[in-house]
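For the sequence shown, the numbering used here gives the first residue as 27, with consecutive numbering after it. Just so you know, even glycine gets a beta-carbon here, dropped at the ideal spot from N, CA and C. The structure appears below as structure tokens.
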Amino acid sequence: MIIYRLELSLMEKVFFASREISNFFITEPVLGNYALVYAFGLVNAPYHVDAIKSETPNYLQDLETLNEKGLYITPATPLDEPQLELERFNALSDTYWYKMSNNVVAADLEYKITDKKPRPANFPQEGRFRLLSRGNRFICFLVSNREIDIPSYVRLGKLNSKVKVDVKATYADPRATQKGDATVEIYLNPLDLPSEYNLKLYDLFNLPPVPLIHNALIEGSFYHLDGEFLPSGLRFGIPKIEEKPSRRRK
27 MIIYRLELSL MEKVFFASRE ISNFFITEPV LGNYALVYAF GLVNAPYHVD
77 AIKSETPNYL QDLETLNEKG LYITPATPLD EPQLELERFN ALSDTYWYKM
127 SNNVVAADLE YKITDKKPRP ANFPQEGRFR LLSRGNRFIC FLVSNREIDI
177 PSYVRLGKLN SKVKVDVKAT YADPRATQKG DATVEIYLNP LDLPSEYNLK
227 LYDLFNLPPV PLIHNALIEG SFYHLDGEFL PSGLRFGIPK IEEKPSRRRK
């Protein structure tokens, strides 16, 4: 088994819709491990946006595949005080005539003449972003049953932003020590902890699709990696995503 200590340096602004308050879309200063799975290409997922984006996440199939391969990656924790910035966006039409309809800007001639309504969609047309600034650095751990190639750069977030990846340390066959209690400062996905571990205290960071924890006091077995405790036996705990019933009229 090999554990890679990775440092992620943002070369461009990174945006995730971690929270949405009216037309204010907020990126929280943490990178979830599900996002990193797809960014590092650990699984190949089809991506497309139709007129209506109604795809259901395939976490069950994708993450179970990684468990079978013995691959795991932790959420990424900021190394320094996160730097954030605000931007305003406006995607309204610059045509002479347009109309808001079901959160969609209708500006074509057919709509004006026939009043044929487009199907409802949740694509915001104007609002504000809070993004992670360039230069932010994050740390995460990638666990593999065998040696793998780590990409030098990945693309991350809804803006497909460029992120530099540096392998800061490699730990070959580290020994897990049985320790009564240990404080794990980095972000963890609580679903990924072994069921026999006792999670005593933690700071909760609530964001979709799975809340994360950090500064956690855990009873269990750990790797001691250059002063950092990492729980052993981490594997993806698969969240259940319930598909919403269709509201289409028959």
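{"Query": "With a CB to CB cut of under 6 angstroms and the five nearest residues on each side skipped, what residues in its chain are close to valine 169?", "Result": "Ile29, Tyr98"}
{"Query": "Based on DSSP bridge pairs, tell me the residues matched to alanine 102.", "Result": "Leu57"}
{"Query": "Can you give me the Cβ contacts of aspartate 229 inside the same chain, cut-off strictly under 7 angstroms, excluding the 5 residues immediately before and after it?", "Result": "Ile239, His240, Asn241"}
{"Query": "Just tell me which of Ala208, Ala102, Leu112 has its CA closest to the CA of asparagine 215.", "Result": "Ala102"}
{"Query": "Just to confirm before moving on: does the CB-CB distance between isoleucine 212 and threonine 100 stay below 8 angstroms?", "Result": "yes"}
{"Query": "Leaving out five residues before and five after proline 237 in sequence, what residues of the same chain have Cβ atoms less than 8 angstroms from its Cβ?", "Result": "Pro216, Leu230, Phe231"}
{"Query": "Please state whether DSSP places glutamate 94 in a helix, a strand or coil.", "Result": "helix"}
{"Query": "To the nearest whole angstrom, what separates the beta carbons of aspartate 252 and alanine 195, a pair I think is in contact under 8 angstroms?", "Result": "6 angstroms"}
{"Query": "Suppose contacts are defined by Cβ-Cβ distances below 8 angstroms. Is leucine 256 in contact with alanine 61 by that definition?", "Result": "no"}
{"Query": "How far does the beta strand (DSSP E) with glutamate 33 in it extend, from its first residue to its last?", "Result": "28-36"}
{"Query": "The beta strand (DSSP E) spanning tyrosine 213 covers which residue range?", "Result": "From DSSP, tyrosine 213 is part of no beta strand (DSSP E); its letter is neither H nor E."}
{"Query": "Exposed or buried, which one is proline 220 when buried takes at least 16 other CB atoms within 10 Å?", "Result": "exposed"}
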